[in-house]
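Undergrad: Provided herewith is a single structure, encoded as structure tokens, for subsequent inquiry.
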Amino acid sequence: MRRKISVPGKIEPATPDDLDRILDIEGESSPNPWRKSFFEDEITGRLSNIFIFKGSIKEHISGFITFRKIDDIIEISNIAVSIIDRRKGIAGDLLSFMKTFAVKEGVSEIFLEVRSQNTGAVKLYEKFGFRFSGIRKGYYTNPKDDARMFILDIN
Ligand SMILES: CC(C)(COP(=O)(O)OP(=O)(O)OC[C@H]1O[C@@H](n2cnc3c(N)ncnc32)[C@H](O)[C@@H]1OP(=O)(O)O)[C@@H](O)C(=O)NCCC(=O)NCCS
Numbered sequence: 042m043r044r045k046i047s048v049p050g051k052i053e054p055a056t057p058d059d060l061d062r063i064l065d066i067e068g069e070s071s072p073n074p075w076r077k078s079f080f081e082d083e084i085t086g087r088l089s090n091i092f093i094f095k096g097s098i099k100e101h102i103s104g105f106i107t108f109r110k111i112d113d114i115i116e117i118s119n120i121a122v123s124i125i126d127r128r129k130g131i132a133g134d135l136l137s138f139m140k141t142f143a144v145k146e147g148v149s150e151i152f153l154e155v156r157s158q159n160t161g162a163v164k165l166y167e168k169f170g171f172r173f174s175g176i177r178k179g180y181y182t183n184p185k186d187d188a189r190m191f192i193l194d195i196n
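Last residue of the sequence shown: number 196 in my numbering, and the count goes up by one each step with no gaps.
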């Protein structure tokens, strides 16, 4: 996936110092934002991973991805980009980073669930090569929504 606008930056593991900024991005991105303790668990958990995209200018955090690796499968549990930095290819970069991580770790499959009404995220995953694998009816509450499930096979 190629960026339309270049955003120079780097992707690195999040630390506790990054949590306030991550919570700001989460707050503007989700109808049911994760609590701070959820992100703390992602930083400390044995199976979990949380990476941030830091722009080169002032090292400002623009987005993050969280995922869990269990055996040879990865589940993406969250991904968000701050509103002012969207449609600049940052989520695509975070997914590419995670895919490289998956290849290195011998992962065979990456999967995720997304709200069916979240058309932007659905388009992102489709563009990245994820294939639709099914629907979970009424999976989400507040607001009620179905989950669309996607899988990316790693060769
Ligand atoms: C979904 C989200 C992470 C995308 O982040 P982003 O950095 O803007 O995505 P990218 O710029 O990498 O987009 C890559 C491609 O995905 C698709 N896409 C991304 N957002 C889109 C939108 N709002 N509408 C339509 N297509 C979209 C496009 O094909 C885009 O390529 P293009 O800009 O060349 O058309 C961001 O909108 C976000 O944080 N949303 C709120 C949180 C969320 O929904 N997370 C997903 C939970 S499963």
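Beta carbons: idealized from backbone N, C-alpha and C, even for Gly. These numbers were taken from a predicted model, which means no experiment stands behind them.
Look at ILE66 and PHE80 and say whether their C-beta atoms are less than 8 Å apart.
TA: Contact: no.
Undergrad: Suppose the cutoff is 6 Å on Cβ atoms and the five residues either side in sequence are ignored; what does the same chain contact list for LEU136 look like?
TA: Here the set comprises PHE169.
Undergrad: Taking just the CA atoms, how far does GLY50 sit from VAL98?
TA: The displayed chain sequence assigns Ile, not Val, to residue 98. Looking at the two C-alpha atoms, the distance is approximately 8 Å.
Undergrad: Please classify VAL144 as buried or exposed, where buried requires at least 16 neighbouring CB atoms within 10 angstroms.
TA: Label assigned to VAL144: exposed.
Undergrad: Using only the alpha-carbon positions, how far apart do LYS185 and ARG76 sit?
TA: Each residue's alpha carbon lies about 20 Å from the other.
Undergrad: How would you call SER174, buried or exposed, if buried means at least 16 neighbouring beta carbons within 10 angstroms?
TA: That one is exposed.
Undergrad: Here's the rule: buried if 16 or more other CB atoms are within 10 angstroms of the residue's CB, otherwise exposed. What is GLU69?
TA: By the 10 Å Cβ count, GLU69 comes out exposed.
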